[in-house]
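In our numbering, the protein residues as written are -12 to 280. No residue lacks a Cβ here, since even glycine has one placed at the ideal position from N, Cα and C. Notes follow the structure.
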């Protein structure tokens, strides 16, 4: 379970590879992952997208990485996930806030890969609460019938399975869950890692894909969020990080209990598309597509 440095235009303090050379840089890691991963194990990579320098168009580097891992190294794409950060600021500002020709980039791709088509997993470990409508259906019963879409909804649909199967869109705000870590780093004059993911992201995959006692490895550990979650869930773990400064800061992860180390809101809301439409006569399209301000 890891989040390697992204192929960003603006470099982070810990260093990033250029998107154009990203696959070549990643190959040695891919070889190592393939060598040590168990046949029933999983490789989960959180990776954000990037913009091409100077234009409002996207790099394909993270998709090329996925194709390379599958076609060159024989990994299977078990399922793609998408991490939506509701708290992410509008970016890139030039194209989103100033020229107004793109929308906020708030989703990371998360590639769930495996060495075989059948890694061990169980989605019953990560069920979501039933919606009010589903609770009503379970209470009042459901008449089996064929829906207009062609799906045959049988009586089994009204069985209470303890919760609903979550989608592959993971809504996790990256905000206050890191507050204590930041306080620890400031108090001890330690550099704060600039790209931390929230604890619920590795928790979701660790719960669904591993058992207590299994080994969880993060080869790009940063501030050791993965190690903290693995420890709290009674997994063995190993974190690898080049920066001793970030490892020092990561010690804060192990000085608090699991419940205080993360924010666990029940849900988030998102507006439906076009829920606040503008008067098109007053808001013309940017004729040149944002080529000039």
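- Looking at 50, 124, 121, 43, the one whose alpha-carbon comes closest to that of residue 84 is 43.
- DSSP, read as helix, strand or coil, puts residue 205 in strand.
- 9 Å or more divides the Cβ of residue 215 from the Cβ of residue 184.
- By the 16-neighbour rule on beta-carbons within 10 angstroms, residue 120 is exposed.
- For residue 33, the enclosing beta strand (DSSP E) stretches over residues 29 to 34.
- Your pair residue 193 and residue 55 does not check out as a contact, with CB atoms roughly 25 Å apart and the cut at 8 Å.
- Between residue 113 and residue 70, the C-beta spacing is not below 9 Å.
- With 16 or more other CB atoms across the displayed protein chains lying within 10 angstroms of its CB, residue 106 is buried.
- In the DSSP assignment, residue 18 falls within the alpha helix (DSSP H) that extends over 9 to 23.
- Around the beta carbon of residue 41, fewer than 16 other beta carbons lie within 10 angstroms, which makes this residue exposed.
- By the CB criterion at 9 Å, residue 62 and residue 118 fall outside the cutoff.
- Per DSSP, residue 46 is not a residue of any beta strand (DSSP E), being assigned neither H nor E.
- The beta carbons of residue 157 and residue 68 sit closer together than 9 Å.
- Cα atoms of residue 261 and residue 271: separation of roughly 16 Å, rounded to the nearest angstrom.
- Closest in C-alpha terms to residue 37, from the list 30, 29, 31, 46, comes 46.
- Excluding sequence positions up to five before and after residue 204, its CB lies within less than 6 Å of the CB of 225, all in the same chain and listed in chain order.
- Around the CB of residue 174, fewer than 16 other CB atoms lie within 10 Å, so the residue is classed as exposed.
- Nearest to residue 208 by alpha-carbon distance, out of 273, 232, 256, is 232.
- Selection 176, 191, 160, 179 evaluated against residue 154 yields 191 as nearest (Cα-Cα).
- The beta carbons of residue 196 and residue 82 sit no closer together than 9 Å.
- Looking at 103, 75, 91, the one whose alpha-carbon comes closest to that of residue 66 is 103.
- Per DSSP, the beta bridge partners of residue 95 are 70.
- DSSP places residue 187 inside the alpha helix (DSSP H), whose first and last residues are 187 to 196.
- In the DSSP assignment, residue 217 falls within the alpha helix (DSSP H) that extends over 212 to 219.
- In this chain, the beta strand (DSSP E) harbouring residue 223 covers 223 to 226.
- For residue 278, there is no enclosing alpha helix (DSSP H), as DSSP marks it with neither H nor E.
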